[in-house]
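Residue numbers (my numbering): 94 to 350.
Idealized CB from N, CA, C, for every residue including glycine.
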Amino acid sequence: MSGALAGKRALVTGVANERSLAWQIAERFFREGAEIGLSYQGARQERRARRLAQGVAAAFVAPCDVSQDAEIAALFETVERHWPQFDILIHAIAFADAAALQGKLIAVEREAFRQALDISVYSLLALVRQAQSLLRGRRASVLTLSYHGARKVVPDYHLMGIAKAALEAAVRYLAAELGREGIRVNAVSAGPVKTLSAAVLPRFQDKLDLAAARAPLGELSDGADVAALAAFLCGPDALHMTGGTHYVDSGLHVLGA
Ligand code: NAP
């Protein structure tokens, strides 16, 4: 197949449904000629994930709860069975307890904090560690998804903001560690998009409406924008880009109060 990602193999994690940013990325990468492998969290999502997988002729679709080391190891056994090496790892996973986000940051308890950082940040390290030998030497690309609440105070985002700040730091450190192995690591910082996990944020629709009204470009970015930037960053025109967090948010991040 022709396209900017022809001949590439991409493992896309974090597909929950058609709205998932991971799914938009998988579809775009498929259209650009990549071979796709998908992972989803658990039995609850299996039917939907398998149905979606058909839409991108996925080489495999496998479960993986990233809070479980054994499930990460099992995912990579599946990956290796299909692909002796691969080129692109998409990390599109985040979690914070909804009740913790409803309250104030000061009230967040240790377990909710640990879980948010474990699933949203440590999982990137755990997945990359397993992927490293399969990505090495292939001008490979790791991509994760962040949000501007990592850098500025966004109402109700507090715990996730801390997690995303750590995620963006992890991107920089991983990029420095893995560059000589031919592995690039970047983040896309996306504007707000109505997905399952975004809808958990208190008053998310109000936030969307406000963002749409304030965005310098006069309209919101969407999952297709995220997927287009992801394709660029993982493709042949970004071979010397690593360690960065790249915004696609209709300019929202340049605004002050
Ligand atoms: P989404 O469709 O709900 O995707 C989040 C994914 O994370 C889901 O597939 C979810 O699986 C998965 N996940 C949660 N806990 C997991 C675990 N323990 N193991 C494996 N997977 C787990 O929402 P999304 O908006 O596309 O989110 C994708 C990424 O984009 C996240 O990092 C998010 O922070 C980021 N992002 C989103 C926005 C936005 O406005 N939507 C903006 C900027 C950045 P389950 O559904 O099975 O729990």
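For ARG112, the CB falls within less than 8 Å of some heavy atom of the ligand NAP.
LEU345 sits buried, since 16 or more C-beta atoms from the chains shown fall within 10 Å of its C-beta. Unbroken alpha helix (DSSP H) runs of no fewer than 4 residues, entirely contained in the segment 212-241, are found at 216-228, following chain order.
In the structure shown, LEU301 adopts helical secondary structure according to DSSP, grouped into three states. Counting along the chain, the unbroken alpha helix (DSSP H) around LEU326 starts and ends at 316-326. For the 9 Å CB-CB criterion, HIS333 and SER282 do not form a contact.
Distance from the CA of ASP330 to the CA of VAL159, rounded to the nearest whole angstrom, comes to 31 Å.
Between the ligand NAP and the CB of ILE181, the shortest heavy atom gap is not smaller than 8 Å. The DSSP-derived three-state label of LEU271 is helix. Contact annotation: the segment 105-122 does not touch the segment 193-212, with fewer than three C-beta pairs closer than 8 Å. In this structure, ALA155 lies near SER132, with their beta-carbon atoms less than 9 Å apart. Burial state of LYS257 is buried, judged by a 10 Å Cβ sphere holding 16 or more other Cβ atoms.
Using a Cβ-Cβ distance cut-off of 8 Å, the segment 125-145 and the segment 95-106 are in contact, since at least three pairs of beta carbons, one from each stretch, lie closer than that value. For ARG121, the uninterrupted alpha helix (DSSP H) run begins and ends at 114-124, by DSSP. Rounded to the nearest angstrom, the Cβ distance from ALA259 to VAL214 is 5 Å, consistent with a contact under 8 Å. The beta carbons of LEU252 and ALA292 sit no closer together than 9 Å. Secondary structure note for GLY148: its alpha helix (DSSP H) is the uninterrupted segment 136-148.
By the Cβ-count criterion, GLY107 is buried, with 16 or more other Cβ atoms from all chains shown falling within 10 Å of its own Cβ. Contact check for ASP162 and ALA219: beta-carbon distance about 7 Å, within the 8 Å limit, so the pair qualifies.
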